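Engineer: Sharing a structure, written as structure tokens. Questions coming.
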Amino acid sequence: MTDRGRLAANALAVSFLLAAVVLASLRHASREPLDVRETAGEPGRYEARFTAMSTDVRLSMNAPSLGRARSMAAAALARVREVERLMSAYAPDSDVSRLNRLGGRGDVALSAQTMHVLQRAGEVHGLTHGAFDVTYAPLRDLWRDARQSGRPPDSAAVREALARVGFERLILGADGARFGAVGMEVDLGGIAKGYAIDLAAESLRRGGATHGFADIGGDLRFFGLPPGRSRWRVEVYRPPGLTERPLLSLHPCAVTTSGDYARGFRVGDEWYSHIIDPRTGRPVGDVPSVTVVAPDATTADALATGLAVLGPEDGLALVDSLAGVECMMLVRDAGGRISKHLSGGFHRFLESQ
Ligand code: AMP
Ligand code: MG
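In our numbering, the protein residues as written are 4 to 356.
Here it is in structure tokens:
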């Protein structure tokens with residue numbers, strides 16, 4: 004074959020390959036049902052709903068047509084699915100599962116997204132003095148067993164699990180990671196959702212939306228502002244024990260809530276939080292809810308989990324030292340009464356209390 008012939012054959016092969024990739028991605032995108040409709044009473048604004056990360060997702064954006072809104076939502080959905088695929092602890096070939104399986108033996112290659120989330124997790128680990136620690140997973144397993152057996156773990160079992168926990172022994176390289184001790188595991192359940200929210204909001208904005216939000220399970224990231232409005236208004240969850248439902252008025256930012264009433268569990272007669280203190284090995288006992296406002300949802304998500312561990316005194320002192328971060332913490336006293344604790348600037352967001 005002449006050079007020119009070979010070139011033409013190569014070009015043809017590349018075109019076929021590209022066509023196949025495009026077709027495959029179209030097929031992939033179209034397989035997923037996506038409910039997109041114009042928001043009632045707000046022409047030009049659209050809302051998409053689907054289920055991801057075991058919860059409800061809502062995307063809101065302005066768009067010139069339903070068709071454009073549909074393709075913007077599909078692109079954002081693809082980003083969320085990517086986070087699920089890489090960071091799920093259940094999917095056997097996710098980055099997290101591979102790291103957990105192989106990380107004790109040597110470096111495991113990880114995607115740029117997972118590396119980014121691990122680095123962010125490290126920052127929040129540092130800020131919270133270890134209260135937020137994605138290597139808490141051996142403790143998760145311990146308490147999962149307790150839930151099954153109906154008996155809390157004894158102190159020897161807690162000690163054994165604690166010996167395999169510690170972010171400082173997760174060794175991060177340029178594009179991979181490994182564990183510094185045998186039996187370590189990570190769980191990104193306290194941060195991956197926030198990251199997915201940030202990616203989805205960013206994707207909508209890149210797709211052309213000037214204002215909107217991404218909401219995964221009640222955690223949100225707002226961008227821009229609807230014309231004529233100076234704030235976004237959002238209701239956060241009302242934990243049992245608090246009579247009012249807090250209504251917040253926010254500039255474009257992220258807001259997330261960690262609450263034990265939503266995802267806690269029972270062992271025997273006692274109700275336990277799904278957030279575990281990596282310093283004691285025991286579930287958090289007296290902080291039923293933490294709402295964090297921060298510039299991005301990755302930070303807000305991880306901080307809310309870490310602040311629940313830190314409790315009101317250390318938690319609020321930390322938040323007051325961070326620019327652009329505010330928090331509302333509900334604390335249960337020995338008698339079961341709930342009190343509300345706010346960081347210095349949180350009252351500015353409260354519309355009704
Ligand atoms: P959230 O509902 O955002 O507070 O996240 C809670 C999730 O974070 C749990 O379901 C666990 O997956 C994870 N988690 C629990 N305790 C910790 C901890 N101390 N550090 C980091 N992640 C944690
Ligand atoms: Mg969290």
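For glycine and all other residues, C-beta sits at the position ideal for the given N, C-alpha and C. Since this is a predicted model, take the numbers as computed values, not measurements.
For the segment 132 to 148 against the segment 65 to 72, do three or more pairs of beta-carbon atoms, one drawn from each stretch, fall closer than 8 Å, so that the two count as touching?
Structural biologist: no
Engineer: ILE200: beta carbon under 6 Å from a heavy atom of the ligand AMP?
Structural biologist: Taking the first residue of the sequence shown as 1, we reach residue 200 at position 197. For ILE200, the distance from the CB to the nearest heavy atom of the ligand AMP is not below 6 Å.
Engineer: Does DSSP classify ASP304 as helix, strand or coil?
Structural biologist: Translated into the one-based positions of the sequence shown, residue 304 becomes position 301. Here ASP304 sits in helix by DSSP.
Engineer: Taking 6 Å as the cut-off, is the beta-carbon of THR308 closer than that to any non-hydrogen atom of the ligand AMP?
Structural biologist: In the sequence shown, residue 308 corresponds to position 305, counting from 1. Yes, the ligand AMP has a heavy atom inside 6 Å of this Cβ.
Engineer: Among GLY125, VAL287, LEU333 and GLY183, which has the Cα closest to the Cα of ARG248?
Structural biologist: The count along the sequence shown starts at 1 and reaches residue 248 at position 245. Ranking the options by Cα distance to ARG248, first place goes to LEU333.
Engineer: With distances taken from CA atoms, which of ILE194, ALA160 and THR246 is nearest ASP304?
Structural biologist: Start at 1 with the first residue of the sequence shown, and residue 304 comes out as number 301. Of ILE194, ALA160 and THR246, the residue nearest in Cα terms is ILE194.
Engineer: Is the beta carbon of VAL312 closer than 7 Å to that of ASP280?
Structural biologist: For the purposes of this step, residue 280 is taken as the residue at position 277 of the sequence shown. For the purposes of this step, residue 312 is taken as the residue at position 309 of the sequence shown. Yes, Cβ-Cβ distance for ASP280 and VAL312 is below 7 Å.
Engineer: Do the segment 70 to 90 and the segment 43 to 51 touch if we need at least three Cβ pairs shorter than 8 Å?
Structural biologist: yes
Engineer: My assumption, with CB atoms under 8 Å, is that ILE200 sits in contact with ARG167. Please give the rounded CB distance.
Structural biologist: Translated into the one-based positions of the sequence shown, residue 200 becomes position 197. Translated into the one-based positions of the sequence shown, residue 167 becomes position 164. With a Cβ gap of about 30 Å, ILE200 and ARG167 do not count as contacting.
Engineer: When every heavy atom of the ligand AMP is checked, does at least one fall within less than 6 Å of the C-beta of PHE135?
Structural biologist: Against the sequence shown, residue 135 aligns to sequence position 132. Flag set: Cβ of PHE135 near the ligand AMP.
Engineer: Do you know offhand how far LEU325's Cα is from GLU35's?
Structural biologist: Reading the sequence shown from its first residue, position 322 is the one you call residue 325. Reading the sequence shown from its first residue, position 32 is the one you call residue 35. Going by the C-alpha atoms only, they are around 40 Å apart.
Engineer: Leaving out the 5 sequence neighbours to the left and right, which residues in its chain are closer than 8 Å to GLU99 when beta-carbon positions are compared?
Structural biologist: What you label residue 99 is simply residue 96 of the sequence shown in a count that begins at 1. First, the residue type needs correcting, since residue 99 is Val and not Glu in the sequence shown. Here the set comprises LEU89, MET90, SER91, ALA92, THR117, VAL189, ASP190 and LEU191.
Engineer: Tell me the rounded alpha-carbon separation between ALA337 and TYR275.
Structural biologist: Position 334 of the sequence shown, counted from the start, is the residue given in the question as residue 337. Position 272 of the sequence shown, counted from the start, is the residue given in the question as residue 275. Straight-line Cα distance between these residues: approximately 15 Å.
Engineer: ILE174: beta carbon under 6 Å from a heavy atom of the ligand AMP?
Structural biologist: Your numbering for residue 174 matches position 171 in the sequence shown. Not so, every heavy atom of the ligand AMP lies at least 6 Å from the Cβ.
Engineer: Do LEU253 and TRP235 count as a contact pair if the criterion is CB distance below 7 Å?
Structural biologist: Locating residue 235 in the sequence shown gives position 232, counting from the first residue. Locating residue 253 in the sequence shown gives position 250, counting from the first residue. Yes, they are a contact pair.
Engineer: Taking ASP272 as the reference, which of PRO95, GLY44 and SER152 has the closest Cα?
Structural biologist: Along the sequence shown, read from residue 1 onward, the residue named residue 272 stands at position 269. Taking only the C-alpha atoms, the option nearest ASP272 is SER152.
Engineer: Quick check: does the Cβ of HIS277 come within less than 6 Å of any heavy atom belonging to the ligand SAH?
Structural biologist: Among the ligands present in this structure, namely the ligand AMP and the ligand MG, the ligand SAH is not found.
Engineer: With three or more C-beta pairs closer than 8 Å as the rule, is the segment 123 to 143 touching the segment 255 to 262?
Structural biologist: no
Engineer: Return the Cβ separation of PRO155 and VAL287 in integer angstroms, given the expectation that the two are a contact with Cβ distance under 8 Å.
Structural biologist: Counting from one through the sequence shown, the residue named residue 155 turns up at place 152. Counting from one through the sequence shown, the residue named residue 287 turns up at place 284. That pair is no contact at about 14 Å.
Engineer: Out of curiosity, what's the CA-to-CA distance linking GLY314 and GLU329?
Structural biologist: Taking the first residue of the sequence shown as position 1, residue 314 is located at position 311. Taking the first residue of the sequence shown as position 1, residue 329 is located at position 326. Using only the alpha carbons, I get a separation of about 14 Å.
Engineer: If we count the other Cβ atoms within 10 Å of its Cβ and call it buried at 16 or more, is VAL127 buried or exposed?
Structural biologist: As a working mapping, residue 127 is identified with position 124 in the sequence shown. Result: buried.
Engineer: Between SER63, PHE53 and ASP59, which lies nearest to GLU369 when the distance is taken from Cα to Cα?
Structural biologist: Here the chain has residues from 4 to 356 only, and residue 369 is not among them.
Engineer: Hey, out of ARG285, VAL83 and VAL239, whose CA is closest to GLU354's CA?
Structural biologist: Indexing the sequence shown from 1 puts residue 354 at position 351. Looking at the Cα atoms, VAL239 is the closest of the given residues.
Engineer: Spatial neighbours of PRO222 within its chain, please: C-beta separation below 8 Å, excluding the five flanking residues on both sides.
Structural biologist: Counting from 1 along the sequence shown, the entry for residue 222 is found at position 219. According to the sequence provided, residue 222 is Asp. The question's Pro does not apply to it. Once the five neighbours on either side are set aside, the close Cβ partners of ASP222 are LYS196, GLY197, ILE200, ALA257, VAL258, THR259, THR260, ALA300, ALA303 and ASP304.
Engineer: I need the boundaries of the alpha helix (DSSP H) containing ALA257, first residue and last residue.
Structural biologist: On the sequence shown, position 254 is the one that residue 257 refers to. Per DSSP, ALA257 belongs to no alpha helix (DSSP H); it is in the beta strand (DSSP E), 257 to 262.
Engineer: Could you pull out every residue in the same chain whose Cβ sits closer than 8 Å to the Cβ of ALA180, ignoring the five residues on either side in sequence?
Structural biologist: What you label residue 180 is simply residue 177 of the sequence shown in a count that begins at 1. Cβ neighbours of ALA180 beyond the five flanking positions: LEU102, GLY106, ASP110, VAL111, LEU113, MET118, LEU121, LEU173 and ILE174.
Engineer: For PHE170, does the three-state DSSP call read helix, strand or coil?
Structural biologist: The count along the sequence shown starts at 1 and reaches residue 170 at position 167. Reduced to three states, the DSSP call for PHE170 is helix.
Engineer: Let me know if ASP136 comes out buried or exposed under the rule of 16 or more other beta-carbons within 10 Å of its beta-carbon.
Structural biologist: One-based indexing of the sequence shown puts residue 136 at position 133. Buried, by the Cβ-count rule.
Engineer: Please list the terminal residues of the continuous beta strand (DSSP E) segment that includes HIS344.
Structural biologist: Taking the first residue of the sequence shown as 1, we reach residue 344 at position 341. Residues 341 to 345.
Engineer: Straight-line CA distance for MET331 to ARG340?
Structural biologist: Here residue 331 refers to the residue found at position 328 when the sequence shown is read from its first residue. Here residue 340 refers to the residue found at position 337 when the sequence shown is read from its first residue. Using only the alpha carbons, I get a separation of about 16 Å.
Engineer: With a floor of 4 residues, list each alpha helix (DSSP H) that falls wholly inside the segment 187 to 217, ordered by position along the chain.
Structural biologist: Secondary structure in the segment 187 to 217: the alpha helix (DSSP H) runs of 4 residues or longer, each lying completely within the stretch, are 195 to 209 in chain order.
Engineer: Check PHE135 in the structure and name its three-state DSSP category.
Structural biologist: Here residue 135 is taken as the residue at index 132 of the sequence shown, counted from 1. Coil at PHE135, not helix or strand.
Engineer: Assign ALA320 to buried or exposed, taking buried as 16 or more other Cβ atoms, counted over all protein chains shown, within 10 Å of its Cβ.
Structural biologist: Against the sequence shown, residue 320 aligns to sequence position 317. By the 10 Å Cβ count, ALA320 comes out exposed.
Engineer: With DSSP collapsed to three states, give me the class of VAL25.
Structural biologist: Residue mapping note: residue 25 aligns to position 22 of the sequence shown, counting from 1. Because VAL25 sits at a pLDDT of 44, beneath the cut-off of 50, its placement in the model cannot be relied upon, and the following sentence gives the value as read from the coordinates. It is helical.
Engineer: Grab the span of the beta strand (DSSP E) containing THR294 for me, first residue to last.
Structural biologist: Sequence index remark: in the sequence shown, residue 294 carries index 291 (1-based). Counting along the chain, the unbroken beta strand (DSSP E) around THR294 starts and ends at 292 to 297.
Engineer: Under a three-way DSSP split, which group does THR117 fall into?
Structural biologist: Translated into the one-based positions of the sequence shown, residue 117 becomes position 114. Correct three-state label for THR117: helix.
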